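S.K.: Mapping of the sequence shown onto our numbering: position 199 corresponds to residue 526, and the numbering continues sequentially without gaps.
By construction, the Cβ of each residue, glycine as well, lies at the ideal position given by its N, Cα and C atoms.
This one's a predicted model, so the numbers in the text were calculated from it and none came from an experiment.
I'd like to ask some things about the structure below.
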Amino acid sequence: MRDLTQGGLEHLALNWATVRERWDLAQTIEGCARHGIPGIAPWREPVQAMGAAAARRRIKDAGLRVSGYCRAGLFPAADAAGLQAAIDDNRRAIDEAAALGAECLVILGGGMPAGSRDLPLARRQAQDGLAAILPHARACGVPLAIEPLHPMYAADRCCVSTLKQANDLCEKLDPYDDGGLGLAIDVYHVFWDPELEREVQRAGAAGRILAFHVCDWLVPTRDMLLDRGMMGDGVIDIRRIRGLVEAAGYAGLIEVEIFSRDDWWRRDPEEVLAVIAERYRTVV
Ligand code: ZN
């Protein structure tokens with residue numbers, strides 16, 4: 328499973344958000360190439376600023392793959408116009424992902440609209456939104472990777488909180504395994520789940536594991552959003568979860584995604600990438 332030839336980084340990818348405070352997209356592409364990191368996951372804002380076709384050329388010229396494109400979904404809204412706007416924006420995100428040559432588009436369910444207490448409604452809207460965009464994603468050859476987020480984000484970011492929910496959604500929307508729909512498994516969001524092993528196997532058996540993200544859970548965690556840890560600094564048995572995901576058939580890139588306002592975002596990205604490469608070899 329672990330390939331240690333050529334420095335052992337063959338499956339490593341960097342999510343741009345890990346260095347977003349210091350490096351723009353062009354600098355991040357160059358940095359990945361310099362550090363022997365073969366994959367990158369860009370976000371929409373810098374890609375739109377550069378132009379998706381230009382971004383693709385730069386990424387390709389650097390010899391990198393696009394592990395995923397961040398991010399779309401966020402479907403729930405308070406009215407019909409809002410729901411439609413979200414669907415339109417998702418279609419644009421699919422077009423951008425296709426132009427980039429991204430291996431998947433990361434989808435967040437979205438939270439409840441302001442003032443709402445109706446989480447079941449948000450979940451229905453997320454399901455309806457996914458159903459609305461799936462044909463366009465298939466036509467463009469862009470797989471949609473539903474990323475369940477830790478339940479602490481259920482209200483404001485993502486009403487899909489568990490792998491089971493995401494697997495259920497896939498089965499409902501793709502009952503005949505036509506493809507184009509699957510999961511992004513992020514250790515930060517799912518390490519606590521007692522059903523982790525079963526649901527990873529279930530996703531793998533259906534060929535639906537599209538992405539694998541790593542960072543670590545710090546104890547204590549000081550900020551709900553912006554205090555993710557470097558692999559090895561927290562309590563997640565990343566290697567065990569990687570083993571589960573790979574045993575379930577996943578052979579794609581392993582993407583490092585660290586939001587760390589007070590620590591890693593403040594450091595020189597050269598140092599951050601060197602530590603990522605080292606930790607990838609030793610604890611991922
Ligand atoms: Zn993630």
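Distance, Cα to Cα, I367 vs S394?
M.R.: The straight-line gap from Cα to Cα measures roughly 6 Å.
S.K.: On a Cα-Cα basis, can you pick out the residue from I421, V346, G468 and L496 that is closest to Q452?
M.R.: Among I421, V346, G468 and L496, the Cα nearest to that of Q452 belongs to L496.
S.K.: If I measure Cβ to Cβ from R329 and keep anything under 6 Å in the same chain, skipping five residues before and after, which residues do I get?
M.R.: Bear in mind that the predicted position of R329 carries a pLDDT of just 46, short of 50, making it too unreliable to give a figure here.
S.K.: Please report how far the alpha carbon of P596 lies from the alpha carbon of Y503, in whole angstroms.
M.R.: Computed Cα separation, rounded: 44 Å.
S.K.: To the nearest angstrom, how far is it from the Cα of A527 to the Cα of I414?
M.R.: Sequence inspection shows Val at residue 527; the Ala mentioned does not correspond to that position. The straight-line gap from Cα to Cα measures roughly 28 Å.
S.K.: If you measure from the CB of D621, is any heavy atom of the ligand ZN nearer than 7 Å?
M.R.: Outside the displayed span of the chain (328 to 611) sits residue 621, for which this structure offers no information.
S.K.: Any chance the CB of E474 is under 7 Å from a heavy atom of the ligand ZN?
M.R.: For the ligand ZN, at least one heavy atom lies less than 7 Å from the Cβ of E474.
S.K.: Alpha carbon to alpha carbon, how far is G409 from M439?
M.R.: One C-alpha to the other measures close to 12 Å.
S.K.: Determine the direct distance from the alpha carbon of G534 to that of G507, and round the result to whole angstroms.
M.R.: So the two alpha carbons sit approximately 10 Å from each other.
S.K.: Three or more C-beta pairs under 8 Å: does that hold for the region 346–363 against the region 395–406?
M.R.: The answer is no - the region 395–406 does not touch the region 346–363, with fewer than three Cβ pairs under 8 Å.
S.K.: Rank L448, R384, I386 and D416 by C-alpha distance to the C-alpha of A405 and give the top, closest one.
M.R.: When each option's Cα is compared against that of A405, the closest is L448.
S.K.: When burial is assigned at 16 or more other CB atoms within 10 Å of the CB, is P365 buried or exposed?
M.R.: By the 10 Å Cβ count, P365 comes out buried.
S.K.: Could you give the DSSP three-state label for R590: helix, strand or coil?
M.R.: First, the residue type needs correcting, since residue 590 is Asp and not Arg in the sequence shown. Reduced to three states, the DSSP call for D590 is coil.
S.K.: Run the proximity test for H477: is its beta-carbon closer than 7 Å to any non-hydrogen atom belonging to the ligand ZN?
M.R.: No, since every heavy atom of the ligand ZN falls outside the 7 Å radius drawn around the Cβ of H477.
S.K.: Below 8 Å CB to CB, which residues in the same chain sit around V546 once its five sequence neighbours on both sides are set aside?
M.R.: If we look at V546 and ignore the five residues flanking it on each side, its Cβ neighbours are G561 and V562.
S.K.: Could you check the C-alpha separation between A458 and E430 for me, to the nearest Å?
M.R.: Those two C-alpha atoms are separated by around 20 Å.
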